[in-house]
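In my numbering, the protein residues as written are 1 to 381. Here a beta-carbon is modelled for each residue, glycine too, at the ideal position from N, C-alpha and C.
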Amino acid sequence: MKKTPLFLMAMSAIALASCSEDEPVSVRQATNEAISFRSAMGTRASETTNANLNKIFVTAVYGDSVMTSGSAKSVFKNSLYFDNAEFDKGADSYFTAAAGKKYDWLAPTQKIDFFAYAPSQDELGADIMMKEDNSGMTLESFAVPEEISEQVDFITANASGSRNVNETSGVELTFDHRLSQIELRAKSEDTDYTYKVIGARIGRPQFMGTFDFNTNQWTLDDWHDTAVYTAACDTTTLSASPVSIMGAGGNAMLMPQTLTPWDSKNDPDNVAREAYLSVLVNITRTDNGMQIYPFANESEFTHQPVRQYGWASIPLSGTWEQGKKYIYTLDFTNGAGVIDPDDPDPGKQIIGGPIKFTVKVNDWVDGNAGKVYDMSADKVE
């Protein structure tokens, strides 16, 4: 069977739970005229749902306001009403201001603009700042955590409302996911080789940026810093059925971006720090258990005993959009890719072409030059 480099069987860009399928978050007028919210979505790599989202954070800005001092009047635009206020879910599924606070609707025709998000600034590890004119907010210099288990599903929502319009019907506040969710799966239908997997890597995407709540867009960091995200999973023997290899940490939540693929041939050490996917794998022959990868002679490079597992990689290209889940199924049926840029002898193809022989059968050579043997003799010499 011909062995070709590892390839992507499928890359599915799947939208996360769509807004139309979620119960909308609404602002309602309670009997005490306090503003409260009703939640719809969740946050974390393990995909929070309506059932487990218990806190949201909201900033409110209202339009022109007038202050008088004697005969003097001052007009203020985009006045801040409340800033990053925590709202907790109650038994009625509405979210009300935490710690005994209450925010009432203003004058009947006074429009209020709401900017909502989850999780908290502490969980995001970055500051959410009001713009100078209070016209909106930004999440400043957000960095995706190195540990996949610590990554969060950042969601936001914008809406406007006023007492006379929304006191009864509420203000629809629907959250959207602002990161890209990445899952790696693996499979193999190869009967000649057995593949055991204990981990995965998402190599060299950019990890830092600033989010604008008004435009709902990211601006990536000017330095274009990249990172390597590693997941560990229980030992998994690959079969024809794809299986997730992300482990207990869950799927990755990464920055939306366009990826430049690693040039494994011309830049095997990945000096350019470009994108790739890797699987931590042990490859043996099915018939006799002989280890094929990691290579038996790798000790020549490392001066260490041969490892049981090594990284098998493939360059990664494409665009990750916010609010979409990308499932990469890595199929080892026809090959195992190339050695990871951080492993010994990077860029080298792991399983080469099958062993083959060229065969030539020489013509017969007359060994006795046509000699005739006498059947009456005692023996043939």
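For this session: Report the partner residues of residue 183 according to the DSSP bridge assignment.
Result: DSSP output for residue 183 lists 327 as bridge partner(s).
Problem set entry | According to DSSP, residues forming a beta bridge with residue 165 | Answer is none; residue 165 lacks a bridge partner.
Exercise. Whose C-alpha, out of 208, 311, 239, is nearest the C-alpha of residue 227?
Worked result: Comparing alpha-carbon positions, the option among 208, 311, 239 lying closest to residue 227 turns out to be 208.
For this session: Measure the alpha-carbon distance for residue 97 versus residue 91 and round it to whole angstroms.
Result: Going by the C-alpha atoms only, they are around 14 Å apart.
For this session: With a 10 Å radius around its C-beta and 16 neighbouring C-beta atoms as the bar for buried, classify residue 197 as buried or exposed.
Result: Flag for residue 197 reads buried.
For this session: Hey, could you find the ends of the alpha helix (DSSP H) residue 151 is sitting in?
Result: Looking at the DSSP string, residue 151 is not in any alpha helix (DSSP H), and its letter there is neither H nor E.
For this session: Find the nearest neighbour of residue 265 within the set 274, 371, 258, 186, judged by alpha-carbon distance.
Result: If we check each option's Cα against that of residue 265, 274 comes out closest.
Exercise. Do residue 255 and residue 218 have their CB atoms nearer than 8 Å?
Worked result: In contact: residue 255 and residue 218 (Cβ atoms closer than 8 Å).
Exercise. In this structure, does DSSP put residue 349 in helix, strand or coil?
Worked result: When secondary structure is reduced to three states using DSSP, residue 349 falls in the strand class.
For this session: Name, in chain order, the residues that DSSP records as bridge partners for residue 282.
Result: As a beta-bridge residue in DSSP terms, residue 282 pairs with 196.
Problem set entry | Neighbour-count burial assignment, residue 179, 16 or more Cβ in a 10 Å radius | When all chains shown are included, residue 179 counts as buried.
Exercise. Which residue's Cα is closest to the Cα of residue 121: 86, 109, 148, 105?
Worked result: Of the listed residues, the one whose Cα sits closest to residue 121 is 86.
Problem set entry | Helix, strand or coil at residue 248 [DSSP, three-state] | DSSP, read as helix, strand or coil, puts residue 248 in helix.
Exercise. Looking only at its own chain, which residues have a Cβ that is under 6 Å from the Cβ of residue 145, when we skip the five neighbours before and after it?
Worked result: Cβ neighbours of residue 145 beyond the five flanking positions: 151.
Problem set entry | Endpoints, the alpha helix (DSSP H) within which residue 122 is located | Per DSSP, residue 122 belongs to the alpha helix (DSSP H) from 121 to 124.
For this session: Measuring alpha carbon to alpha carbon, tell me which of 124, 148, 112 ends up nearest residue 134.
Result: Of 124, 148, 112, the residue nearest in Cα terms is 112.
Exercise. Buried or exposed: residue 313, going by 16 or more other Cβ atoms within 10 Å of its Cβ?
Worked result: So residue 313 counts as buried.
Problem set entry | Rounded C-alpha distance that separates residue 172 from residue 350 | Between residue 172 and residue 350, the C-alpha separation is close to 54 Å.
For this session: Would you kindly report the start and end of the unbroken beta strand (DSSP E) that includes residue 172?
Result: Per DSSP, residue 172 is one residue of the beta strand (DSSP E) stretching across 171 to 173.
Exercise. Grouping DSSP H, G and I as helix and E and B as strand, with all else coil, what is residue 44?
Worked result: Caution is warranted here: a pLDDT of 42 is assigned to residue 44, below 50, making its placement in the model unreliable, and the coordinate value is therefore given only provisionally. In this structure, residue 44 counts as coil in the three-state DSSP scheme.
For this session: Identify every residue that forms a DSSP beta bridge with residue 201.
Result: In the DSSP secondary-structure assignment, residue 201 is bridged to 230, 278.
Problem set entry | Contact set for residue 242: own chain, Cβ-Cβ below 6 Å, skip 5 residues either direction | So the qualifying residues of the chain are 185, 187, 329.
Problem set entry | Sub-8 Å separation of residue 268 and residue 337 beta-carbons | It is not a contact, given that the beta carbons lie outside the stated cut-off.
Exercise. Once you ignore the five residues that flank residue 81 on each side, which residues in its own chain have a CB closer than 6 Å to its CB?
Worked result: These residues qualify, in order along the chain: 60, 62.
Exercise. So which of 175, 176, 161 has the shortest CA-CA distance to residue 169?
Worked result: Selected option, being the one with the closest Cα: 161.
Exercise. Can you tell me the Cα-Cα spacing of residue 83 and residue 250, whole angstroms?
Worked result: Cα to Cα, the separation comes out at about 32 Å.
For this session: Could you have a look at residue 369 and say whether DSSP puts it in helix, strand or coil?
Result: DSSP, reduced to helix, strand and coil, places residue 369 outside both helices and strands of the structure shown, so it counts as coil.
Exercise. What is the DSSP secondary structure of residue 311, counted as helix, strand or coil?
Worked result: The answer is strand: DSSP assigns residue 311 an E or B state.
Exercise. What separation, rounded to the nearest whole angstrom, lies between the Cα atoms of residue 455 and residue 177?
Worked result: Beyond the ends of the chain as shown, which are 1 and 381, falls residue 455; an answer cannot be given.
Exercise. Excluding sequence positions up to five away, which residues of its chain have a Cβ less than 7 Å from the Cβ of residue 182?
Worked result: Annotation for residue 182: 202, 251, 252, 254, 326 place their beta carbon closer than 7 Å to its own, counting only its chain and skipping 5 residues before and after.
Exercise. For residue 138, which residues of its own chain have a beta-carbon under 8 Å away from its beta-carbon, when the five flanking residues on both sides are left out?
Worked result: So the qualifying residues of the chain are 128, 129, 131, 210, 211, 212, 213.
For this session: Could you round the C-beta distance between residue 414 and residue 373 to whole angstroms and report it? I think they count as a contact, below 8 Å.
Result: Not covered by the structure: residue 414. The range shown for the chain is 1 to 381.
Exercise. Is residue 260 helix, strand or coil by DSSP?
Worked result: In this structure, residue 260 counts as coil in the three-state DSSP scheme.
For this session: State the Cα-Cα distance for the pair residue 365 and residue 344, rounded to the nearest angstrom.
Result: The C-alpha of residue 344 is placed about 51 Å away from the C-alpha of residue 365.
For this session: Could you tell me the boundaries of the beta strand (DSSP E) in which residue 94 lies?
Result: 94 to 97 is the extent of the beta strand (DSSP E) around residue 94.
Problem set entry | Alpha-carbon spacing of residue 361 relative to residue 293, whole angstroms | Roughly 35 Å between the two C-alpha positions.
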